[in-house]
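Worksheet for the structure shown next.
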Amino acid sequence: NAAADEQQVHRIEPELSIEQQAYQALVLGTHDYVTKNGFKGATIGLSGGVDSALVFAIAVDALGPANVRAVMMPSKYTAAISIEDATACAAAFGVSIECIDIEGLKTTFDQQLAPLFKGLAEDLTEENLQARIRGTLLMAISNKASTLVLTTGNKSEIAVGYCTLYGDMAGGFAVIKDLFKGMVYRLCYERNRVALAQTGKTLIPERILTRAPSAELRPNQTDQDSLPPYDALDAMLRRYIEDGESRDGLIAAGHPPKEVDRVLRMIRISEYKRRQSPPGVRISQRAFGRDWRYPLTNGFIEQ
Numbered sequence: 109n110a111a112a113d114e115q116q117v118h119r120i121e122p123e124l125s126i127e128q129q130a131y132q133a134l135v136l137g138t139h140d141y142v143t144k145n146g147f148k149g150a151t152i153g154l155s156g157g158v159d160s161a162l163v164f165a166i167a168v169d170a171l172g173p174a175n176v177r178a179v180m181m182p183s184k185y186t187a188a189i190s191i192e193d194a195t196a197c198a199a200a201f202g203v204s205i206e207c208i209d210i211e212g213l214k215t216t217f218d219q220q221l222a223p224l225f226k227g228l229a230e231d232l233t234e235e236n237l238q239a240r241i242r243g244t245l246l247m248a249i250s251n252k253a254s255t256l257v258l259t260t261g262n263k264s265e266i267a268v269g270y271c272t273l274y275g276d277m278a279g280g281f282a283v284i285k286d287l288f289k290g291m292v293y294r295l296c297y298e299r300n301r302v303a304l305a306q307t308g309k310t311l312i313p314e315r316i317l318t319r320a321p322s323a324e325l326r327p328n329q330t331d332q333d334s335l336p337p338y339d340a341l342d343a344m345l346r347r348y349i350e351d352g353e354s355r356d357g358l359i360a361a362g363h364p365p366k367e368v369d370r371v372l373r374m375i376r377i378s379e380y381k382r383r384q385s386p387p388g389v390r391i392s393q394r395a396f397g398r399d400w401r402y403p404l405t406n407g408f409i410e411q
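When you number the sequence shown by the working numbering, it's gap-free, plus one each residue, and the end is 411.
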């Protein structure tokens, strides 16, 4: 009737939360990029960590479970619970996970490089080899299936260079490259909240959200071995990158001078990596790319 029609016309939708807006933007951006560029779907390295879990969730929501391929690539440093969590996450979204053990490939690389590395201790080189083996496998799978590899690096990692060129950065679209680490967790919890309301159960395993983040490239590794705690790092990066705060401003805000200098140096020396990263969805007021004008080669010293 007329009264009902008028009520419908004037109905106001509830305002979306920041998390809802961000998640919907990432789903839309991923869907449009993959489909409008003619790919048959997406391929993702599912590690059992929070970043790949969020990218996987976004991809399934954007493309449907039949169009998303999940690949787990464990090494001897991969915890059993990582395999369990990745498998559970894929199953919750209706996707079968494929597993390729990279230990044999890593051994072959080590043997071939042994004469050149004779007398040299193991270091970041061997860690990066694992990431690059995984990147090569994902690219081969995507080439064969005409799908697009979605990378899983977040803005916090990309800002300070905590990522491997031609390794975990290898792919065609960086879904969460404009999300700080803290926001990655918030969106995972938001996706679980929606799933719980709709189906009575969550999709992303709780352990993925509560474990200490780790690249699992060496024994007992955690991200905080190399980086400040993510809450402190994100606060510093947001002020510096998005708000244009200076070094002195960061220190005045309460960040320790040594930590500020360390983080700003990491940002400076990682520009060459950011220039080679895939495109992604922009959701912040200042994203890496057109919004970020920083020279590749510089002699800048923050005063």
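Think of the CB as a built atom: it goes at the ideal place given N, C-alpha and C, for glycine as much as any other residue.
Here the structure is a predicted model, which is why all the values come from computation and not from measurement.
Assuming residue i and residue j are in contact, meaning their beta carbons sit under 8 Å apart, how far apart are those beta carbons, in whole angstroms?
i: Ala282; j: Gly261; result: 6 Å
i: Ile312; j: Ala161; result: 5 Å
i: Leu345; j: Phe288; result: 7 Å
i: Val158; j: Val292; result: 6 Å
i: Tyr338; j: Gly290; result: 6 Å
i: Gly156; j: Ile316; result: 7 Å
Taking Cβ positions, are residue i and residue j nearer each other than 8 Å?
i: Lys381; j: Leu273; result: yes
i: Arg240; j: Gly202; result: no
i: Ile191; j: Ala167; result: no
i: Glu324; j: Tyr141; result: no
i: Ala150; j: Val176; result: yes
i: Arg373; j: Ala165; result: no
i: Ala64; j: Leu154; result: Outside the displayed span of the chain (109 to 411) sits residue 64, for which this structure offers no information.
i: Arg376; j: Ala361; result: no
i: Glu127; j: Arg294; result: yes
i: Ser378; j: Gly269; result: yes
i: Ile349; j: Arg394; result: yes
i: Val371; j: Leu404; result: no
For residue i, is the classification buried or exposed, using 16 other Cβ atoms within 10 angstroms of its Cβ as the cut-off for buried?
i: Lys263; result: buried
i: Leu224; result: exposed
i: Leu246; result: buried
i: Glu265; result: buried
i: Gly407; result: exposed
i: Ala267; result: buried
i: Pro336; result: buried
i: Ala174; result: exposed
i: Asn231; result: Before going further, note that residue 231 is Asp rather than Asn in the sequence given. Result: exposed.
i: Ala188; result: exposed
i: Asp286; result: buried
i: Thr259; result: buried
i: Ala305; result: exposed
i: Ala229; result: exposed
i: Ala222; result: exposed
Which residues in the same chain have their Cβ closer than 7 Å to the Cβ of residue i, if we skip the five residues on either side of it in sequence?
i: Ala196; result: Pro313
i: Gly280; result: Leu256, Val257, Pro386
i: Cys271; result: Gly261, Glu265, Met277, Lys381
i: Glu211; result: Ser183, Lys184
i: Ser334; result: Tyr270
i: Thr233; result: none
Leaving out the 5 sequence neighbours to the left and right, which residues in its chain are closer than 6 Å to residue i when beta-carbon positions are compared?
i: Ser322; result: Gln329, Thr330
i: Ala170; result: Val135, Thr138, His139
i: Asn251; result: none
i: Glu206; result: Val179
i: Arg213; result: Correcting the residue identity first, residue 213 is Leu in this sequence and not Arg. The answer, listed in chain order, is Ile241.
i: Tyr402; result: Glu379
Going by beta carbon distance, what residues of the same chain come within less than 8 Å of residue i, once the five residues before and after it are set aside?
i: Gln132; result: Leu124
i: Asp209; result: Met181, Pro182, Ser183
i: Pro327; result: Tyr185
i: Ala320; result: Thr330, Asp331, Gln332
i: Pro365; result: Ile359
i: Cys296; result: Val158, Ala161, Leu162, Ala165, Ile312, Ile316, Leu317
i: Val368; result: Met344, Arg355, Leu358, Ile359
i: Ala253; result: Lys148, Gly149, Thr151, Arg177
i: Gln384; result: Leu273, Met277
i: Thr215; result: none
Does the ligand ZN have a heavy atom nearer than 7 Å to the CB of residue i?
i: Ala360; result: Of ligands this structure carries none, so the ligand ZN is not represented either.
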